[in-house]
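As structure tokens, the structure follows; a few thoughts come after it.
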Amino acid sequence: MRKYNYRTTVHIDDTIINLGFRAKLPGDFKGEKVRVQAIFKQRSLERRFPMEVEIVEGETGPQIKADALVELPYVFANPPRHKVNVIYAVWLGMEETILSDQPFPIQKDLFERYDPKRSKSFGKFLLGTMALPFLILKNYKNNKNKTASFKEANATVYDYSGYNYSPRQRNTDYFSGRYDHFVKQIDVKENNILFLSERLPEEGGNLAKVMELCRQDKDIFVSKFLVPKTVNQLSRKELRECARLCARARVIVLEDFYPQLHSLSIRPQTKIVQLWHACGVFKTFGYSRLGKPGVAPQSSMNHRNYDLVTVSSESVRGIYAEAFAVTVGKVKALGAPRTDVLFDAEYKEAKRRELYQRYPQLEGRKVILFAPTFRGDGNKDAYYPEDAFDINLFMNGFEEDVCCIVKHHPFVHQDIKVDQKYEDRVLDLTGKDHINDLMLISDLLITDYSSSVFEAVLLGIPMLFYAFDKEDYIRSRDFYCDYDSFAPGFVEEDFSKMTETAGKILRHETDKAADDKITAKRVQFFHDFLSALDGRSTERIVAYIKGEMLTKLVKRR
1 MRKYNYRTTV HIDDTIINLG FRAKLPGDFK GEKVRVQAIF KQRSLERRFP
51 MEVEIVEGET GPQIKADALV ELPYVFANPP RHKVNVIYAV WLGMEETILS
101 DQPFPIQKDL FERYDPKRSK SFGKFLLGTM ALPFLILKNY KNNKNKTASF
151 KEANATVYDY SGYNYSPRQR NTDYFSGRYD HFVKQIDVKE NNILFLSERL
201 PEEGGNLAKV MELCRQDKDI FVSKFLVPKT VNQLSRKELR ECARLCARAR
251 VIVLEDFYPQ LHSLSIRPQT KIVQLWHACG VFKTFGYSRL GKPGVAPQSS
301 MNHRNYDLVT VSSESVRGIY AEAFAVTVGK VKALGAPRTD VLFDAEYKEA
351 KRRELYQRYP QLEGRKVILF APTFRGDGNK DAYYPEDAFD INLFMNGFEE
401 DVCCIVKHHP FVHQDIKVDQ KYEDRVLDLT GKDHINDLML ISDLLITDYS
451 SSVFEAVLLG IPMLFYAFDK EDYIRSRDFY CDYDSFAPGF VEEDFSKMTE
501 TAGKILRHET DKAADDKITA KRVQFFHDFL SALDGRSTER IVAYIKGEML
551 TKLVKRR
């Protein structure tokens, strides 16, 4: 473990704590991404809080400068019962060092919070509505963001009157009320596992794989609420049914964010499992993005009621604990079910035959899979900039034996314009075959910031990273590691250079020294992000849920 010469500063104003961390960069620092976490620790309970980090020049050389302004009442989902100590974790890339020799104690009273019960008053709501334009204007003067200004004004009216203008919040409140009602009316059903999602499970995805194996177990009763609607789109009948199923479930299994679930005071007999839908860590998510535009505030209770989070390696446990604001002990390296088939030789061969039958023009040719992630804030405005990748200009750089599969993110719905002379060599399979299956017949994956890189490493596919907007993406989204150091392949920011490099990779004309460096990076990449994957993740996760969350809980009653 690394040694750090560091000092800390603490300033507490009422229930706001200003934390400062200063340390000399280690002498063997090689430009890795530096991250610092403030760890609020009370016995087995802990919360990892991300700090803002800068590398500054000090009297003795480069220094790590990290700061965080923390609202103590919202550090934990529930106020601690004992004194809390603050220690620190420093990350250089994926190397974590815990610094616990200078703990700072904080009295438990500072973590107490007042959560007022909103009483509904339509009269106050009318007054709030009349004041709404003034509230929006006041907020806009501070943040210059129309959407954020309205959200803040809506929250003010909500706190004041118990009513608000958001269909999402109204339905969430109704769902929460129905859940509380059913908790009083019905008991938990023994060995009942509820699979919950606001989108249809992806075939071969984590949720589908675990649900399939649970259905084969006669000791497990499977229920599901897999309605592809957001909470504001659900009918009252659907909200009641979802609340009833949640109230009687022993275990609730998710693979993505399910917003309304975090509004509930979950009964203690029920446990929540988050499978998450991706391997490793790449782009920041959850509470790691605190302070960025559009991110939930520190007071948010999102994600915090997970009892188990499954991940693909030991190394990423501390990062998922930070992102979901849960104790690191609840994060287990049990694997990723969606990757199990990638260890199955028979499945891979059968899938290759199936794809070649469906797309016969690909057989016997070299296949490039172009699979970038989307730009924009989400499903409603997702896009990929058309001028960034001209498919016709790209294909002009290759011989007749090269084909290209275009596989945009499922959020992106835009046609590509292919010249007639390339029509038999370009396939747009966006929204069709699973990307993992398409990798089985691909000779090169070209991507940017997509999580498909993890499966590509498992399959041993060469990769080329086309990061034309890397700096913009870092400012808006950011990564857990330095991008160039993380990427297990060649990185290009220029279209012409990217096309040239793609050709060299297909012709095996790349520099041997560069190839050796990438090979070493892929070995380290597997260790850092994929070491818990062995083709038995689904089996291991179901066994853990059954042994630790069903059988044990039933025996204790």
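In terms of the numbering used here, the sequence shown opens at residue 1 and continues consecutively. We treat Cβ as the ideally placed atom computed from N, Cα and C, and that holds for glycine.
Check: Coil, strand or helix - lysine 33 by DSSP; Outcome: coil
Check: According to DSSP, residues forming a beta bridge with aspartate 67; Outcome: Gly20, Glu52
Check: Candidates Ile193, Asn78, Tyr140, Glu198, of which the one nearest glutamine 216 by Cα; Outcome: Ile193
Check: Start and end residues, beta strand (DSSP E) containing leucine 458; Outcome: Counting along the chain, leucine 458 falls outside any beta strand (DSSP E), though it belongs to the alpha helix (DSSP H) covering 452–459.
Check: Helix, strand or coil at cysteine 279 [DSSP, three-state]; Outcome: coil
Check: Given valine 367 as reference, the closest of Asp478, Tyr356, Arg375 once Cα atoms are compared; Outcome: Tyr356
Check: Distance CB(arginine 558)-CB(glutamine 269) smaller than 8 Å; Outcome: Absent from the model: residue 558. The displayed extent of the chain is 1 to 557, so no value can be given.
Check: Rounded straight-line distance, which links the Cα of glutamate 198 to that of lysine 229; Outcome: 5 Å
Check: Closest by C-alpha distance to arginine 540, when choosing among Tyr422, Glu386, Arg338; Outcome: Arg338
Check: C-alpha distance - arginine 556 paired with leucine 245, whole-angstrom precision; Outcome: Residue placement at arginine 556 is flagged as unreliable, the pLDDT there being 48, under the threshold of 50; the coordinate-derived value follows with that caveat. About 23 Å.
Check: Extent of the continuous beta strand (DSSP E) run through aspartate 101; Outcome: 95–106
Check: Phenylalanine 150 - DSSP class collapsed to helix/strand/coil; Outcome: helix
Check: Serine 496 classed as buried or exposed, judged by whether at least 16 other C-beta atoms fall within 10 angstroms; Outcome: exposed
Check: Cutoff 8 Å; reference leucine 429; Cβ partners in own chain excluding five residues on either side; Outcome: Ile405, Val406, Lys407, Leu438
Check: Asparagine 139 classed as buried or exposed, judged by whether at least 16 other C-beta atoms fall within 10 angstroms; Outcome: buried
Check: Beta-bridge partners of tyrosine 375, as assigned by DSSP; Outcome: The question names tyrosine, but residue 375 is arginine in the sequence shown. Note: arginine 375 sits in a beta bridge opposite Tyr383.
Check: Three-state class that DSSP yields for valine 295 in the structure shown; Outcome: coil
Check: Spatial distance of glutamine 361 from glycine 205 (CA atoms); Outcome: 28 Å
Check: Segment contact flag, the segment 290–305 with the segment 487–495, C-beta cutoff 8 Å, min 3 pairs; Outcome: no
Check: Three-state class that DSSP yields for proline 73 in the structure shown; Outcome: helix
Check: Residues of its chain near glycine 329, where Cβ-Cβ distance is below 7 Å and the 5 sequence neighbours each way are ignored; Outcome: Ser44
Check: Assigned secondary structure, tyrosine 347 (DSSP; H/G/I helix, E/B strand, else coil); Outcome: helix
Check: Under 8 Å between C-beta atoms of leucine 458 and serine 452; Outcome: no
Check: Cβ pair leucine 196, tyrosine 258 closer than 8 Å; Outcome: yes
Check: DSSP-derived helix/strand/coil call for asparagine 78; Outcome: coil
Check: Proline 410 - DSSP class collapsed to helix/strand/coil; Outcome: coil
Check: Residue from Pro488, His82, Thr499, Ile461 whose Cα sits closest to the Cα of glutamine 42; Outcome: His82
Check: Within 8 Å, strictly: CB atoms of aspartate 415 and asparagine 392; Outcome: no
Check: The segment 108–115 contacting the segment 142–154, beta-carbon criterion three pairs below 8 Å; Outcome: no
Check: Per-residue burial, arginine 35 [other beta carbons within 10 Å of its own, 16 or more giving buried]; Outcome: buried
Check: Alpha helix (DSSP H) segment containing isoleucine 435, residue limits; Outcome: 435–439
Check: Which listed residue (Glu32, Val10, Thr8, Leu25) has its alpha carbon closest to that of aspartate 484; Outcome: Glu32
Check: Length-filtered (4 minimum) alpha helix (DSSP H) runs lying within the segment 188–266; Outcome: 206–215, 236–248
Check: Unbroken alpha helix (DSSP H) run spanning threonine 499, endpoints; Outcome: 495–506
Check: C-beta atoms of phenylalanine 285 and tyrosine 449 nearer than 8 Å; Outcome: no
Check: Exposed unless 16 or more other CB atoms sit within 10 angstroms - verdict on asparagine 5; Outcome: exposed
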